[in-house]
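First the structure, in the form of structure tokens, and then the observations on it.
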Amino acid sequence: MNPTLELEKTIYLMNQLEEMPAPQVAMAGRSNVGKSSLINCLAGRKSLAKISATPGKTRSLNFYRVKPDEFYLVDLPGYGYARCSMSEREKWGKLIDAYLRNNHWLRAVAVLLDSRLTPQKIDLELVSYLQGAGIPMIPVLTKIDKTKQKDCAQRQRQWQNILGSENLPLLCSAKTGMGRDALWRAMREAAGA
Ligand code: GDP
11 MNPTLELEKT IYLMNQLEEM PAPQVAMAGR SNVGKSSLIN CLAGRKSLAK ISATPGKTRS
71 LNFYRVKPDE FYLVDLPGYG YARCSMSERE KWGKLIDAYL RNNHWLRAVA VLLDSRLTPQ
131 KIDLELVSYL QGAGIPMIPV LTKIDKTKQK DCAQRQRQWQ NILGSENLPL LCSAKTGMGR
191 DALWRAMREA AGA
């Protein structure tokens, strides 16, 4: 049986951040990478996280309590949406940074990467930020139902070369449910559950 997810807290502004005293695994990715869909897939529910018809709409940081394991899955605001203003992008960057920095409850960040795209600058920036901060990563290639198997394998190796041999990305599809159990396993293990 997979765990269940319950939305416990939503944060829009930096000054709303407070310590959430339980292990945390965050989930980050470019806007439109399929993060909301994957959260719904993990939860086995259709509309727990809002799937954006308009990319870049999810601007909040959401704490989902994972039961019965008692850790948080933290949905970080999608980054890199081109069509929003610089000041707005800066605000999101600061919120993400304020959350990630010196958070001793944070065990890992699942980094969502679009399986259809070659490594993008903005993803590489997040990866180097996490590496610099010594935060473990769970790399995940999304939307693999849209990518040929051969291309997926190639993309996986490409990311592994960047991330290091211990970081082979998981292959996931929110549409087919592929990779769901493996992602749960990786997150529970990271959280120490
Ligand atoms: P977010 O902005 O990262 O939260 O992305 P969303 O979950 O809102 O998804 C963005 C778009 O990609 C939506 O149109 C989804 O239906 C689509 N999508 C998300 N995951 C998948 C997937 O695994 N397979 C396919 N084919 N489409 C997906």
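Using this note's numbering, the first residue of the sequence shown is number 11, and each one after it goes up by one.
Just so it is clear, CB atoms sit at the ideal spot from N, CA and C, and this is done for glycine as well.
Which same chain residues end up closer than 6 Å to residue i when comparing Cβ atoms and leaving out the 5 residues on each side of it in sequence?
i      : result
Ala201 : Pro33, Val35, Phe81, Arg117
Heavy atom of the ligand GDP less than 7 Å from the Cβ of residue i, yes or no?
i      : result
Gly187 : no
Val43  : yes
Ala184 : yes
Asp155 : yes
Gly54  : no
Gly14  : At residue 14 the sequence reads Thr, which differs from the Gly that was named. No; taking the cut-off as 7 Å, the Cβ of Thr14 has no heavy atom of the ligand GDP nearer than that.
Ser263 : Missing from the structure shown is residue 263; the chain here goes from 11 to 203 and no further.
Gly88  : yes
Thr6   : No information on residue 6 is available, as it lies outside the stretch 11 to 203 that the chain covers here.
Gly39  : yes
Ser46  : yes
Short check: CB of residue i to CB of residue j, under 8 Å?
i      : j      : result
Cys162 : Leu151 : yes
Met147 : Leu173 : yes
Glu16  : Arg75  : yes
Asn42  : Ala184 : no
Lys153 : Arg126 : yes
Leu86  : Met37  : yes
Which same chain residues end up closer than 8 Å to residue i when comparing Cβ atoms and leaving out the 5 residues on each side of it in sequence?
i      : result
Leu193 : Leu48, Leu52, Ala120, Ile148, Val150, Leu180, Cys182
Between which residues of its own chain and residue i is the CB-CB distance below 7 Å, once the five residues before and five after are set aside?
i     : result
Lys10 : Here the chain has residues from 11 to 203 only, and residue 10 is not among them.
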